[in-house]
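Notes to accompany the following structure.
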Amino acid sequence: MKKTLASDNYSGTTPEIIEAIAKANGAHQGSYGADESTDTAVAMFKKMFREDIDVYFTMNGTGANVTALSSVCPSYGAVICSSVAHINVDECGAPEKFGGFKLLTVEKENGKLTPEDIAPFMVNLGEQHWSQPKVISITQATEYGTVYTCAEIKAIADYAHENGLLLHVDGARISNAAVSLGVSFKEMLLDTGVDFVSFGGTKNGLMFGEAVIFFNTAISENYKYVRKQGMQLLSKMRFISAQFEALFGTDLWERNAKHANKMAQKLASGLSKVAGVKITQEVKANGVFAIMPKEIIPALQEQSPFYVWDEQTHEVRLMCSFDTAEEEINAFLVKLDSLLLELA
């Protein structure tokens, strides 16, 4: 089967992760997280950040986001996010259905919020006729492949806390962001004042599984009940936690993310030299966004399937993964050149 530029969800599972799952399958262990792998994985996260955090594993990203937000935001509350945030456009209304709260969205060309974007929602705090903002949720790296700097995250966190709000990070591609910035997870999340994070693994080589981490443990008291009620408590938890154990037991997380980012840079470099193609976003992680002639898109998708991000402008999204090969990038660029030549 051909590899694609459609999504890092299309990629397979890193061999080291497969080995970890097989190893976890070797004996009977306690269920619902009462196992050695879960203990080890939690200890790894605590070493990465600090001892006083709460770590919970979930089966998928939507489950992580929905249960995390629902555990801290009441039904009369609201979550402020970008209009392209995954919780707004790609989770089928699950946050609002499950949590009952409202999403307040901001249109941003690069997907990145600022305190100035959030300020307009602060005018009706305490007004009983209005949904009350409780959480700001940002995505790192964003759905546009852009990346918040540590200073930008801290500015949002400071603003949130000054106004009695919490800051949540949807970290589906958190490893790609950390590699892009050249900083540790601690520097990017804990030190900037983030309250809680949905820590992604699936898009960085895991078969399945994410983690919800509370740095602000004052708000995590109810999470375990919400996770269970939200059908995200896996009975054989060791098959999730063993993957994180393997991911952080070596530099696997970094190698996977670094390679995906490198392939995106290679792709962007090639596209930037092609007349008739315009890169629309700064390439910081493993995604490239570009506008190209609509006539060539179907044939190019046959070479390597990808998604059209905006049908009106013919903007496409090209995603690289831990297993994207340079040869595939080269073949894509050659096909693009030939199609543009035919079009001319």
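Going by my numbering, the first residue of the sequence shown is number -9, and it counts up by one from there. Just so it is clear, CB atoms sit at the ideal spot from N, CA and C, and this is done for glycine as well.
Nearest to S225 by C-alpha distance, out of Y22, G67, D(-2), is Y22. The continuous alpha helix (DSSP H) containing C140 extends over residues 140 to 152. When DSSP states are grouped into helix, strand and coil, A24 belongs to the coil group. One alpha carbon belongs to E235, the other to I269, and they sit about 37 Å apart.
Fully enclosed alpha helix (DSSP H) runs of no fewer than 4 residues occupy 84 to 89 of the segment 83 to 107, in order along the chain. Counting only residues of its own chain and dropping the five nearest sequence neighbours on each side, A162 has a CB closer than 6 Å to the CB of G51, G190, K193. Taking all protein chains shown into account, L115 has fewer than 16 neighbouring C-beta atoms within 10 Å of its C-beta and is therefore exposed. The Cβ-Cβ distance between F198 and F186 does not fall below 8 Å. Between A232 and I8, the gap from beta carbon to beta carbon reaches 8 Å or more. Cβ contact annotation for S262 (same chain, cutoff 7 Å, sequence separation greater than five): I269, in chain order. If one requires a minimum length of 4 residues, the alpha helix (DSSP H) runs lying completely within the segment 271 to 303 are 287 to 293, in chain order. Of Q122, M178, T303, V273, the smallest CA-CA separation from F39 is found for M178. Residue A250 holds the alpha-carbon nearest to the alpha-carbon of N166 among E81, D25, N15, A250. Contact check for S121 against G67 passes: the beta carbons are separated by less than 8 Å.
Non-local beta-carbon contacts of F312 in its own chain, meaning distances under 7 Å to residues more than five positions away in sequence, involve S1, T4, N194, G195, N246, H249, A250 in chain order.
Cβ neighbours of Q222 within its own chain (closer than 6 Å, five residues either side excluded): T48, M49, G53, T57. Secondary structure of M34 (DSSP, three-state): helix. Take E318, set aside five residues on each side of it, and the residues of its chain with a beta-carbon closer than 7 Å to its own are K(-7), S294, in chain order. With a cutoff of 8 Å on beta-carbon distance, I164 and I146 are scored as not near each other. In the structure shown, Q122 falls within a strand segment according to DSSP collapsed to helix, strand and coil. If you draw a straight line from the Cα of I77 to the Cα of V324, it comes to about 36 Å. Shown here for V278: same chain residues with a beta carbon closer than 6 Å to its own, the five before and five after excluded, namely A254, L257, A258, L308 in chain order. Of the candidates D80, I230, K218, D80 places its Cα closest to the Cα of D160. Around the beta-carbon of E133, 16 or more other beta-carbon atoms lie within 10 Å, marking it buried. 8 Å or more divides the Cβ of L103 from the Cβ of P85.
Annotation for D327: the continuous alpha helix (DSSP H) segment containing it runs 316 to 333.
Look at G51 here: in three-state DSSP terms it is helix. A14 is not a Cβ neighbour of R217, given a cutoff of 8 Å.
Taking the C-beta atoms as reference points, L(-5) is found no nearer than 8 Å to F238. G16 carries a coil assignment under DSSP once its states are collapsed to helix, strand and coil. Taken through DSSP and simplified to helix, strand or coil, S127 comes out as strand. Just so you know, the alpha carbons of A17 and N(-1) end up roughly 30 Å apart.
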